[in-house]
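Under our numbering, the first residue of the sequence shown is numbered 3, with each subsequent residue one higher. We put the CB at the ideal spot given by N, CA and C, even for glycine. To start, the structure under review is shown below, and the notes come after it.
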Amino acid sequence: MSEGAQKKQEKPRKFQAIRGTRDLLPSETVLWNHVEQTAHAVFGTFGFGEIRVPIFESTDLFARSIGAETDVVSKEMYTFGGFAEFSERVRGGRMEGMLSEMQPEEMISLRPEATASVCRAYIEHSMQQLPQPVKLYYMGPMFRRERPQKGRYRQFYQIGAEVLGGSDAPAIDAEVIEMVMTFFDRLELQGVQLDINSIGDRNCRPKYVDLLRAELLKVKDRLGPDSQRRIETNPLRVLDSKLESEQGIIATLPRIADHLCEECAAHYAAVKHQLEMRGVIYRENWRLVRGLDYYMRTTFEITAQGLGSQNAVCGGGRYDGLVELLGGPSTKGIGFAIGEDRLILSLQESGKAPAQEGRDVYIAWMGERAHATAIRAAKDLRKAGFSVELPPLEQKFGKALGQADKLGAKYALILGDNEVSEGLWTLKTLADGSQAKYTEPDLLDHLRKSKAVSS
Ligand code: AMP
């Protein structure tokens, strides 16, 4: 067989979305848009402004802020970079002097979260000179190479907010939490449970971590391999363990609430009081720690129903000192990130998803003159805010009406030679099959009125 014939026989490869990524189709994006618009509206009422940060940043930014030892940075980042100039020169055949001039390009990573980027932007744009605190929110895709499962993806979406400035007043913590809860309430998210904790600060946490490590070493043999490893790397994460066999042991471990320094204890008590003043219902959970290094004092997590084991829809906490760690001025900070994919799953499970809107009007036209009128009618109707389907080719009226039905159109506007010469357009209501004739201005008026009634 000739090479050409062989090529012809090979079936072209069918591409699929990469594992851990997925397409969101129009039937789903209705809900995504609703969620995002609600976030814009609710966060706006709390005085937050939207920030859009790049999808990729210097790898070092994430290593420094999230922590080089964390799973996110050490195992899960998508990192690129290297010698861009080198490959360009090789391609261009200009090898001379290359080695001596070659500069390794900075490594870059797809963002696994956005807090580090927001802090970088705060510093880069000298936002400490703005009225404080600066209240920002963001939404968009994040990337982590995790093992995909329901509610866990490699490209997932977060909606988050950060408050940065000179003050760590407990009212700031409480207001941020109140804002997320208001957002969830507005979306009618079901089974919402807010857990809070304080994980101390540089003063008291290291002493507690030492104590915890010592206690864990005593029971090391009875722990699973993950927890055994964490005794050295990050003993606080042992408290996170969901392993059934470890639960009894964890219950006997020392609790951080008993080891907070005076300032942290007072701050935590005040946050709780502030939450109560706002009518926010919370549960204290001494085992709540966060996976990222930069958190201190207030930490919180929100779970919702219908999500199985991946039931955390929001995680957040205070991270005073992070801006300084990134070379900025001394700054306090607190924020949260909502897992939008999970939020949407939970809303879908409880049937809170709005239905995809069908077309308002399907224009069934026949004949050259009618086509010109149909184009003009479509323009006017769309300008008035109606969703219009204008078929590109002439069809018999019967077929056009069938199409209109399939698309879930409310009305079919019938434009044939008669209608065009009479100046009277036929409007068919598809739900009951009734028909009436209107002049052009009357038709617009009628549609406007019926839309106002139905919405
Ligand atoms: P984190 O940035 O790890 O504190 O996560 C904040 C929230 O983002 C979590 O509570 C989840 O709802 C969501 N999230 C984190 N990782 C993933 C993932 N791989 N897939 C889907 N959602 C995620």
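How many angstroms separate the CA atom of Met-104 from the CA atom of Gly-83? Taking the first residue of the sequence shown as 1, we reach residue 104 at position 102. Taking the first residue of the sequence shown as 1, we reach residue 83 at position 81. Because the pLDDT of Met-104 is 48, which lies under 50, any placement of that residue in the model is unreliable, and the number read from its coordinates should be weighed accordingly. Distance between Met-104 and Gly-83, taken at the CA atoms: about 14 Å.
Assign Arg-21 to buried or exposed, taking buried as 16 or more other Cβ atoms, counted over all protein chains shown, within 10 Å of its Cβ. Translated into the one-based positions of the sequence shown, residue 21 becomes position 19. That one is exposed.
Rounded to the nearest angstrom, how far is the Cβ of Leu-347 from that of Gly-153, given a contact under 8 Å? Counting from 1 along the sequence shown, the entry for residue 347 is found at position 345. Counting from 1 along the sequence shown, the entry for residue 153 is found at position 151. Rounded, the Cβ-Cβ distance is 6 Å, consistent with contact.
Are there 16 or more other CB atoms within 10 angstroms of the CB of Gln-160, so buried, or fewer, so exposed? As a position in the sequence shown, residue 160 is number 158, starting the count at 1. With 16 or more other Cβ atoms within 10 Å, it is buried.
Take the Cβ of Asp-362 as the centre, count every other Cβ of all protein chains shown within 10 Å, and call the residue buried at 16 or more, exposed below. Here residue 362 corresponds to residue number 360 of the sequence shown, with the count starting at 1. It counts as buried.
Within its chain, find whatever has a CB closer than 6 Å to the CB of Ser-102; leave out the 5 residues flanking it on each side and keep chain order. The residue labelled residue 102 in the question sits at position 100 within the sequence shown. A caution first: Ser-102 carries a pLDDT of 48, below 50, which makes its placement in the model too unreliable to give a value.
Name the one or two DSSP bridge partners that Phe-430 has. Against the sequence shown, residue 430 aligns to sequence position 428. Going by the sequence as given, residue 430 is Lys instead of Phe. The partner list for Lys-430 (beta bridge, DSSP) reads Ala-414 and Gln-437.
Taking 7 Å as the cut-off, does the CB of Gln-160 come closer than this to any heavy atom belonging to ligand 1? Stepping through the sequence shown from its first residue, residue 160 is reached at position 158. Result yes, Cβ under 7 Å from ligand 1.
Per DSSP, the bridge partner or partners of Glu-303: On the sequence shown, residue 303 is found 301 positions in, with the first residue counted as 1. Glu-303 pairs with Asp-197 and Gly-317.
Residue range of the alpha helix (DSSP H) that includes Ile-365: Here residue 365 refers to the residue found at position 363 of the sequence shown. Run containing Ile-365: none in the alpha helix (DSSP H); it sits in the beta strand (DSSP E), 363–367.
Counting beta carbon pairs with one atom in the stretch 143–151 and one in the stretch 61–79, are three or more of them shorter than 8 Å? The stretch 61–79, when compared against the stretch 143–151, does touch it at the 8 Å Cβ threshold.
If you draw a straight line from the C-alpha of Ala-406 to the C-alpha of Val-55, how long is it? Locating residue 406 in the sequence shown gives position 404, counting from the first residue. Locating residue 55 in the sequence shown gives position 53, counting from the first residue. Ala-406 and Val-55: Cα-Cα distance of roughly 42 Å.
Which of helix, strand or coil does DSSP assign to Thr-23? Along the sequence shown, read from residue 1 onward, the residue named residue 23 stands at position 21. In this structure, Thr-23 counts as coil in the three-state DSSP scheme.
Spatial neighbours of Val-211 within its chain, please: C-beta separation below 8 Å, excluding the five flanking residues on both sides. Numbered from 1 along the sequence shown, position 209 holds the residue referred to as residue 211. So the list reads Pro-237 and Leu-238, once near-sequence residues are dropped.
CA nearest to the CA of Ile-365, picked from Leu-383, Arg-232 and Ser-352: Working through the sequence shown from its first residue, we reach residue 365 at position 363. The residue with the shortest Cα to Cα distance from Ile-365 is Leu-383.
In angstroms with no decimal places, state the Cα-to-Cα distance between Leu-328 and Ala-70. Your numbering for residue 328 matches position 326 in the sequence shown. Your numbering for residue 70 matches position 68 in the sequence shown. In a straight line, the C-alpha of Leu-328 is about 14 Å away from that of Ala-70.
Are the CB atoms of Ala-118 and Ile-53 nearer to each other than 8 Å? Numbered from its first residue, the sequence shown carries residue 118 at position 116. Numbered from its first residue, the sequence shown carries residue 53 at position 51. No; because the gap between Cβ atoms is not below 8 Å, this pair is not in contact.
Under the three-state DSSP convention, the category Pro-56 falls into: Counting from 1 along the sequence shown, the entry for residue 56 is found at position 54. Here Pro-56 sits in coil by DSSP.
Output yes or no for whether 8 Å exceeds the beta carbon distance between Glu-59 and Ile-125. Taking the sequence shown and counting its residues from 1, one reaches residue 59 at position 57. Taking the sequence shown and counting its residues from 1, one reaches residue 125 at position 123. Taking 8 Å as the Cβ cut-off, Glu-59 and Ile-125 do not qualify as a contacting pair.
For Ile-233, three-class secondary structure by DSSP: Taking the sequence shown and counting its residues from 1, one reaches residue 233 at position 231. Here Ile-233 carries a helix assignment [DSSP, helix/strand/coil].
Which partner residues of Phe-82 appear in the DSSP bridge assignment? Counting from one through the sequence shown, the residue named residue 82 turns up at place 80. Under DSSP, Phe-82 forms a beta bridge with Ile-110.
Please look up how many angstroms separate the CB atoms of Gly-360 and Ala-411, rounded, as I've assumed it's under 8 Å. Position 358 of the sequence shown, counted from the start, is the residue given in the question as residue 360. Position 409 of the sequence shown, counted from the start, is the residue given in the question as residue 411. Going by Cβ atoms, the distance from Gly-360 to Ala-411 rounds to 6 Å, so yes, they are a contact pair.
Taking C-alpha atoms, which residue in Thr-428, Leu-218, Ala-41 and Leu-189 lies nearest to Gln-350? Within the sequence shown, numbered from 1, the residue matching residue 350 stands at position 348. Checked all of Thr-428, Leu-218, Ala-41 and Leu-189; the closest Cα to Gln-350 is Leu-189.
Between which residues of its own chain and Pro-143 is the CB-CB distance below 6 Å, once the five residues before and five after are set aside? The residue given as residue 143 occupies position 141 in the sequence shown. Taking Pro-143 as the centre and dropping the five residues before and after it, the same chain places the C-beta of Gln-157 and Tyr-159 closer than 6 Å to its C-beta, in chain order.
Compare the beta carbon distance of Leu-196 and Ile-179 with 8 Å and say whether it is the shorter of the two. Numbered from 1 along the sequence shown, position 194 holds the residue referred to as residue 196. Numbered from 1 along the sequence shown, position 177 holds the residue referred to as residue 179. A distance below 8 Å separates the beta carbons of Leu-196 and Ile-179.
Spatial neighbours of Thr-441 within its chain, please: CB distance less than 7 Å, with the 5 preceding and 5 following residues excluded, ordered by chain position. As a working note, residue 441 is residue 439 in the sequence shown. Cβ neighbours of Thr-441 beyond the five flanking positions: Gly-425 and Leu-426.
For Lys-460: DSSP bridge partner residues: Because the chain here runs from 3 to 457, residue 460 falls outside it and cannot be looked at.
I need the boundaries of the beta strand (DSSP E) containing Tyr-270, first residue and last residue. On the sequence shown, residue 270 is found 268 positions in, with the first residue counted as 1. Per DSSP, Tyr-270 lies in no beta strand (DSSP E) segment; the continuous alpha helix (DSSP H) that holds it begins and ends at 264–279.
Tell me, please, which residues DSSP counts as bridged to Gly-51. By one-based count along the sequence shown, residue 51 stands at place 49. Gly-51 has Leu-138 as its beta-bridge partners, per DSSP.
By how many angstroms is the C-alpha of Thr-301 removed from the C-alpha of Ala-314? As a working note, residue 314 is residue 312 in the sequence shown. As a working note, residue 301 is residue 299 in the sequence shown. If you take the alpha carbons of Ala-314 and Thr-301, they lie about 13 Å apart.
Distance CB(Ala-176)-CB(Val-37) smaller than 8 Å: Taking the sequence shown and counting its residues from 1, one reaches residue 176 at position 174. Taking the sequence shown and counting its residues from 1, one reaches residue 37 at position 35. No, the Cβ-Cβ distance between Ala-176 and Val-37 is not below 8 Å.
Look at the Cβ atom of Gly-226, then the Cβ atom of Lys-334, and state whether they are nearer than 8 Å. As a first step, residue 226 must be located in the sequence shown, where it is residue number 224. As a first step, residue 334 must be located in the sequence shown, where it is residue number 332. No.
Measure the beta-carbon distance from Leu-27 to Ala-355 and round it to whole angstroms, keeping in mind my assumption that it falls under 8 Å. Here the question's residue 27 lines up with position 25 in the sequence shown. Here the question's residue 355 lines up with position 353 in the sequence shown. Incorrect: roughly 13 Å between the Cβ atoms, too far for contact.
Can Glu-421 and Thr-428 be called in contact, C-beta distance under 8 Å? Numbered from 1 along the sequence shown, position 419 holds the residue referred to as residue 421. Numbered from 1 along the sequence shown, position 426 holds the residue referred to as residue 428. Against a cut-off of 8 Å, the Cβ pair of Thr-428 and Glu-421 comes out as a contact.
Is the distance from the Cβ of Arg-320 to the Cβ of Ile-340 below 8 Å? What you label residue 320 is simply residue 318 of the sequence shown in a count that begins at 1. What you label residue 340 is simply residue 338 of the sequence shown in a count that begins at 1. In this structure, Ile-340 does not lie closer than 8 Å to Arg-320 by Cβ.
In this structure, what does DSSP give as the bridge partners for Tyr-159? Taking the sequence shown and counting its residues from 1, the one referred to as residue 159 is at position 157. Looking at the DSSP assignment, Tyr-159 forms a beta bridge with Pro-143.
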